[in-house]
Amino acid sequence: MKVTSEHNERIAKMTLASVFPHYITKIEKKGRTIEELFKVIEWLTGYDKIKVQKFIDQKVTFELFFQKAKLNPNANLIKGVICGYRIEEIENPLTKQVRFLDKLV
Numbered sequence: 775m776k777v778t779s780e781h782n783e784r785i786a787k788m789t790l791a792s793v794f795p796h797y798i799t800k801i802e803k804k805g806r807t808i809e810e811l812f813k814v815i816e817w818l819t820g821y822d823k824i825k826v827q828k829f830i831d832q833k834v835t836f837e838l839f840f841q842k843a844k845l846n847p848n849a850n851l852i853k854g855v856i857c858g859y860r861i862e863e864i865e866n867p868l869t870k871q872v873r874f875l876d877k878l879v
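Position one of the sequence shown corresponds to residue 775 (this note's numbering), numbered consecutively onward.
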């Protein structure tokens, strides 16, 4: 599926707070814990649990969330399809980073 500029803009304006409950549902269905979710987020972004919770409470957009992140140097090794999009083919850096997180969760 081709990523459009409208799609990229929508992703940028989404908040971590709006998506986080879906991440929790997804990991619980897989038999994982919230602590494991925070560890995955920390691996990708460098943010610890306290910082992530602060971003959730402040309703920070994905644009700002990833703008301040120290992305793991191995993040580009994340491959595959998520939500119908092949991660390797996504050109917009922010959209790609959000899909990295989606894939890890």
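From the three backbone atoms N, C-alpha and C, an ideal C-beta is built for every residue, glycine too.
Bear in mind that the values here come from a model prediction, so they are computed numbers and not experimental data.
Exercise. Any contact of the region 864–872 with the region 795–809, i.e. 3+ C-beta pairs under 8 Å?
Worked result: No, they do not touch.
For this session: Run through the region 802–842 for me and flag every whole beta strand (DSSP E) of 3 or more residues, listed as ranges in chain order.
Result: The qualifying runs do not exist here; there are none.
For this session: Drop a sphere of 10 angstroms on the beta-carbon of V826, count the other beta-carbons inside from all chains shown, and report buried for 16 or more, exposed for fewer.
Result: Its Cβ being crowded by 16 or more others within 10 Å, V826 is buried.
For this session: Compare the beta carbon distance of I852 and K877 with 9 Å and say whether it is the shorter of the two.
Result: A contact, by the Cβ cut-off of 9 Å.
For this session: Report yes or no: do the region 842–850 and the region 807–823 share at least 3 C-beta pairs separated by less than 8 Å?
Result: Three or more pairs of CB atoms, one per stretch, sit closer than 8 Å, so the region 842–850 contacts the region 807–823.
Problem set entry | Beta-carbon spacing of V879, L790 below 9 Å | At a Cβ-Cβ threshold of 9 Å, V879 and L790 do not count as neighbours.
Exercise. Should V872 be labelled buried (16 or more other beta-carbon atoms within 10 Å of its own) or exposed?
Worked result: So V872 ends up on the buried side.
Problem set entry | Local conformation of T778 per DSSP, three classes | In the structure shown, T778 sits in coil (DSSP, three-state: anything other than H, G, I, E or B).
Problem set entry | Identity of the residues DSSP links to I856 by a beta bridge | Paired residues: Y859.
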